[in-house]
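In the working numbering, the protein residues as written are 534 to 784. Note that beta-carbon positions come from the ideal geometry of N, C-alpha and C, so glycine has one too. Below is one structure; the comments refer to it alone.
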């Protein structure tokens, strides 16, 4: 028996857009876990459609303001959404106001009748860069669990996915999942949906070097540009359009 999904819409930021999983032949030159899920869902389903509205760097206000209404208009029967990490990483954030906005957005998406899947944020406890914000992430995640329950959403608890503490799942920038991380997330999503598939985990990337030169290259190539964007109010997604603003079929 095939699965019940015919119209899948993915919302969010770089996590859902697919950053860290390069694919030069695809829009915005990335693939990502959502594409991988859509490829499986579209097999042997001629009328299947997939839209990906996610754009890297988006905070919750932009995700809600730019993506929720178009998603609702697409009349989906499956919606995935991941948002919040870009807000939490800012120097100051009002988590209560943030989650109130997110709560309203999930309510609008749930009202479509679609199967709704949301994520908690990843546990940064193993990161030398972000572990000082671990308490903020933990509080945000508990609030997300609460609103997911309220709207009947399925939740993928990224905080508890301890396998992602292995750096082999991550891109060299240490901020985004690499191909192995996206593949594993696609498997996790399909398993949650109860959709049979033949996806297998990819070999993990080689761990980053720990020498001074490696650290300096990471600072110059990833950390410094990230900090500069936050100090100047810019986003890595400035000027980008959604990868698939209307339904497409992959594969």
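Query	Result
Quick check: the Cα distance between residue 556 and residue 568, rounded to an integer number of angstroms?	11 Å
Can you tell me whether residue 590 is helix, strand or coil according to DSSP?	coil
In whole angstroms, what is the alpha-carbon distance linking residue 640 and residue 679?	13 Å
Could you spell out where the beta strand (DSSP E) holding residue 613 opens and where it closes?	611–615
Excluding the 5 residues preceding and the 5 following residue 739 in the sequence, name in chain order all residues of the same chain whose CB lies nearer than 8 Å to its CB.	701
Using the rule of at least 16 other Cβ atoms within 10 Å of the residue's Cβ for burial, across every protein chain shown, is residue 774 buried or exposed?	exposed
I'd like the ranges of any beta strand (DSSP E) spanning at least 3 consecutive residues and lying wholly in the stretch 634–718.	648–652, 687–689
Pull the bridge partners of residue 805 from the DSSP assignment, please.	Absent from the structure is residue 805, since the part of the chain shown begins at 534 and ends at 784.
Judging by CA-CA distance, which residue of 734, 622, 778, 729 is the nearest neighbour of residue 535?	729
Specify, as a first and last residue, the run of the beta strand (DSSP E) that residue 540 falls within.	540–545
Is it right to say residue 625 is buried, meaning 16 or more other beta carbons lie within 10 angstroms of its own, or is it exposed?	exposed
Taking C-alpha atoms, which residue in 657, 649, 598 lies nearest to residue 631?	598
Between which two residues does the alpha helix (DSSP H) containing residue 585 stretch?	Taken as a continuous stretch (DSSP letters only), residue 585 belongs to no alpha helix (DSSP H), being part of the beta strand (DSSP E) at 582–585.
Which word fits residue 617, buried or exposed, when buried means at least 16 other C-beta atoms lie within 10 angstroms of its C-beta?	buried
What does DSSP give as the partner residue(s) for residue 781 in the beta ladder?	583
Pick out whichever of 736, 647, 720 has its Cα sitting closest to the Cα of residue 703.	736
Between which two residues does the alpha helix (DSSP H) carrying residue 569 extend?	565–574
Check each candidate in 562, 563, 592, 601 and name the one with the smallest Cα separation from residue 628.	592
For the alpha helix (DSSP H) that contains residue 619, what are its first and last residues?	618–621
May I ask you to report which of helix, strand or coil DSSP gives residue 624?	coil
Could you give the first and the last residue of the continuous alpha helix (DSSP H) run that contains residue 605?	602–606
Around the Cβ of residue 571, are there at least 16 other Cβ atoms within 10 angstroms (buried) or fewer (exposed)?	buried
Can you list, in chain order, the residues of its chain whose CB lies under 6 Å from that of residue 698, leaving out five sequence neighbours each side?	659
Let's test the definition: count the other Cβ atoms within 10 Å of the Cβ of residue 545 and tell me whether it reaches 16, buried, or not, exposed.	buried
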